[in-house]
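Residues in the sequence shown are numbered consecutively from 4, following our numbering.
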Amino acid sequence: MQAHARVAALLLELEAMLHDLGLWAEDMPHPQALASVQPFCIDTLPFEHWLQFVFLPRMRTLLDAGAVLPPSCAIAEMGEIRFAGDAHAGLVVLLRAIDVAVTASG
4 MQAHARVAAL LLELEAMLHD LGLWAEDMPH PQALASVQPF CIDTLPFEHW
54 LQFVFLPRMR TLLDAGAVLP PSCAIAEMGE IRFAGDAHAG LVVLLRAIDV
104 AVTASG
């Protein structure tokens with residue numbers, strides 16, 4: 004259960020960082036945008052909105068249920084692409100920490 008607590012803490016940190024960087028959306032995307040079957044909803048959402056409206060809620064649902072987390076997580080790579088050359092290097096470092104924590108929990 005310690006792994007779940009670590010992941011939960013990192014998710015809270017991710018939410019705070021998205022707020023701090025001005026990447027947190029105030030409005031919910033259209034349901035159709037959330038229904039994309041593409042990885043990261045790449046065809047319908049910016050990556051930071053996918054984190055906010057898809058990744059965070061799904062991970063919190065798993066954590067709240069005490070469910071087994073996915074055997075691997077690879078969101079940092081997408082973060083590196085989205086924020087390449089950007090001033091959001093700390094966000095990519097945090098995404099990498101989430102990848103490690105989720106993968107280690109499995």
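Using N, Cα and C, we set each Cβ at its ideal position, and we do this for glycine too.
Since the model is a prediction, treat every value here as computed from it, not as a measurement.
Item                                                                                                                                                               : Value
Using only the alpha-carbon positions, how far apart do Met81 and Pro73 sit?                                                                                       : 17 Å
For Glu18, I'd like the list of residues in its chain whose CB is within less than 7 Å of its CB, leaving aside the five on either flank, ordered along the chain. : Leu59
Using the three-state DSSP reduction, which class does Glu29 fall into: helix, strand or coil?                                                                     : coil
Can you give me the Cβ contacts of Ala102 inside the same chain, cut-off strictly under 7 Å, excluding the 5 residues immediately before and after it?             : Per the sequence presented here, residue 102 reads as Asp, with Ala not at that position. Same-chain partners within the cutoff: Cys76, Ala77, Ile78 and Ala79.
Determine contact between the stretch 60-68 and the stretch 84-95, defined as no fewer than three beta-carbon pairs at a distance below 8 Å.                       : no
Let's test the definition: count the other Cβ atoms within 10 Å of the Cβ of Leu98 and tell me whether it reaches 16, buried, or not, exposed.                     : buried
What span of residues does the alpha helix (DSSP H) with Leu98 cover, start to end?                                                                                : Ala92 to Ser108
Roughly how many angstroms separate the alpha carbons of Trp27 and Pro49, rounded to a whole number?                                                               : 11 Å
Where does Leu72 sit, in a helix, a strand or coil, going by DSSP?                                                                                                 : coil
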